[in-house]
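Encoded as structure tokens, the structure appears first; notes follow it.
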Amino acid sequence: MESGKTPFRVRPLPRKGGPIHDRRKRRSASSAVAMELALSSAAARGRFEAVILVDDDGMLVSRNRTALDLSMLAAVTPIVARGQAVPRIKREGKPLDLSVSALELAGETFYVAVLGGSFGDRRRELDESISAARRILA
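Mapping to the numbering used here: the sequence shown position 3 is 88, numbers consecutive.
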């Protein structure tokens, strides 16, 4: 070993009770704010127009931070999820794809919908958003 080079060192593992690294940059004690932060993060990662959480009646429960009025999208989300309609959504003349997945929480059905982006990104962020909803709203 040459004396001029410093050896490669691996940092020690964290000790129990020591500082914990949290991957989330922002968090909240409020479930409503935490859900909005989670959906906003998903929308930012995938560069989506919208990410929403909707109840079985089509009422908007939570959404990413956006200036868009998402009430109509929320209203059709359960219908699309049940396969009773095919979404044909345009924004400024540009067609946008919609992906929807259902989840059960406390015996009720909710839906997460992602508008825009690529199919792979929508699928990934749907899964992440469903996990966040289960964790935050449990």
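Heads up, the beta-carbon is just placed ideally off N, CA and C, and yes, glycines get one too.
The structure presented is a predicted model; accordingly, all values stated were derived computationally and were not measured.
Run of the alpha helix (DSSP H) containing residue i, from where it starts to where it stops
i, result
"arginine 173", "Unbroken run through arginine 173: none, as it is neither H nor E."
"alanine 114", "Looking at the DSSP string, alanine 114 is not in any alpha helix (DSSP H), and its letter there is neither H nor E."
Residue i - DSSP class collapsed to helix/strand/coil
i, result
"aspartate 206", "helix"
"arginine 167", "coil"
"alanine 223", "coil"
"valine 197", "strand"
Residue span of the beta strand (DSSP E) that contains residue i, given as start and end
i, result
"alanine 187", "183 to 190"
Beta-carbon proximity list for residue i, same chain, < 7 Å, skipping 5 on both sides
i, result
"glycine 202", "Gly131, Arg132, Phe133"
"serine 115", "none"
6 Å Cβ shell around residue i - same chain, five flanking residues per side excluded
i, result
"histidine 106", "Note that histidine 106 scores a pLDDT of 48, beneath 50, so its modelled location is shaky and nothing firm can be said."
"threonine 59", "For residue 59 there is no data in the structure shown, the boundaries of the chain being 86 and 223."
Cutoff 8 Å; reference residue i; Cβ partners in own chain excluding five residues on either side
i, result
"leucine 153", "Glu134, Ala135"
Can you give, in chain order, each stretch of the alpha helix (DSSP H) that sits fully within the region 111 to 154 and has at least 4 residues?
-> 116 to 131, all fully within the region 111 to 154.
Given 8 Å, three or more beta-carbon pairs between the region 181 to 192 and the region 125 to 132 | These segments do not touch.
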